[in-house]
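Read the structure below first, then the notes.
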Amino acid sequence: MKVITPILKTLDKIAKVIIITLMASMSIIAFTAVFFRFVLNNPLSWSEEAARYMMAWVTFMGAGLAMGQKRHIGVTLLVSRLSRRTRLAVNTFAEILIACFMAILIWQGLKLVWELRTQVSPAIHFPMIIPYLCIPVGCFYILLHTIRLLFERTSDTLSTADAELTENVYEGGTKK
Numbered sequence: 006m007k008v009i010t011p012i013l014k015t016l017d018k019i020a021k022v023i024i025i026t027l028m029a030s031m032s033i034i035a036f037t038a039v040f041f042r043f044v045l046n047n048p049l050s051w052s053e054e055a056a057r058y059m060m061a062w063v064t065f066m067g068a069g070l071a072m073g074q075k076r077h078i079g080v081t082l083l084v085s086r087l088s089r090r091t092r093l094a095v096n097t098f099a100e101i102l103i104a105c106f107m108a109i110l111i112w113q114g115l116k117l118v119w120e121l122r123t124q125v126s127p128a129i130h131f132p133m134i135i136p137y138l139c140i141p142v143g144c145f146y147i148l149l150h151t152i153r154l155l156f157e158r159t160s161d162t163l164s165t166a167d168a169e170l171t172e173n174v175y176e177g178g179t180k181k
């Protein structure tokens, strides 16, 4: 846990820079595309493609950042009504499922990147490996945060269990 936390903090800073840079670039490209299309009557052939690829990277990096900050949306109507122990089990199971799904997406994303390694984009003419790398990279980022959350949950559970055990021992009259 001590190893992964500083790495994730660094990755979070990098992800924020990437997201901010790409969002600013998309805004500039969109404004420029509108200007060229409607003012100069000379539309840019590459603007939509570039914005689409940037949006894919923003989506995957943002999903990883949101996972790390526990900001993904969730339906808690039923889970919030469960006992603390059952809720913990359900949340742990959900995080294990997320980790498994991310591992599958990483594997399939790497296979896709490998298959598209020689293809170039139609308008920009750069390798399609660049936009499709967002899948394995983003899913790996999400997986790292999910693993951290699982470790935090299990260490919190052990700490809480120790505290409850100590409380039960002292209240139960075994130790005074």
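Residue numbering for the sequence shown follows my numbering, starting at 6 and increasing by one per position.
Cβ coordinates follow ideal geometry from the N, Cα and C atoms, glycine included.
Is leucine 16 buried or exposed, if buried means 16 or more other CB atoms sit within 10 Å of its CB? Counting other Cβ atoms within 10 Å of its Cβ, leucine 16 reaches 16 or more and is therefore classed as buried.
Spatial neighbours of tyrosine 58 within its chain, please: CB distance less than 6 Å, with the 5 preceding and 5 following residues excluded, ordered by chain position. Cβ within range, chain order: Pro136.
I'd like the span of the alpha helix (DSSP H) that includes tryptophan 119, first residue to last. First-last of the alpha helix (DSSP H) with tryptophan 119: 89 to 120.
Among residues of its own chain, excluding the 5 on either side of proline 48, which ones have a beta-carbon nearer than 8 Å to its beta-carbon? Within the same chain, proline 48 has close Cβ partners Ala38, Phe41 and Arg42.
Whole-angstrom distance between threonine 151 and cysteine 105, CA atom to CA atom: In a straight line, the C-alpha of cysteine 105 is about 10 Å away from that of threonine 151.
Out of Phe131, Arg158 and Leu13, which has the shortest C-alpha to C-alpha gap to methionine 221? Residue coverage of the chain in this structure runs from 6 to 181, which leaves residue 221 outside it and unanswerable.
Exposure label - lysine 180; buried when at least 16 CB within 10 Å: Unreliable positioning characterises lysine 180 in this predicted model, as indicated by a pLDDT of 49, which lies under 50. The coordinate reading is nonetheless provided below. Burial call: exposed.
For the alpha helix (DSSP H) that serine 85 lies in, which residues bound it at each end? Here serine 85 belongs to no alpha helix (DSSP H), and DSSP marks it neither H nor E.
Please give the ranges of any alpha helix (DSSP H) in the segment 6 to 89, keeping only runs that are unbroken, at least 4 residues long and fully inside the region. Taken in chain order, the complete alpha helix (DSSP H) segments of 4 or more residues contained in the segment 6 to 89 are 9 to 39 and 52 to 73.
Within 10 Å of its beta-carbon, does phenylalanine 145 have 16 or more other beta-carbons around it, so buried, or fewer, so exposed? Its Cβ being crowded by 16 or more others within 10 Å, phenylalanine 145 is buried.
Considering only residues of the same chain and omitting the five flanking positions on each side of serine 126, which have a CB-CB separation below 7 Å? Excluding five sequence positions before and after serine 126, the CB atoms of its chain that fall closer than 7 Å to its own CB belong to Glu54 and Met133, given in chain order.
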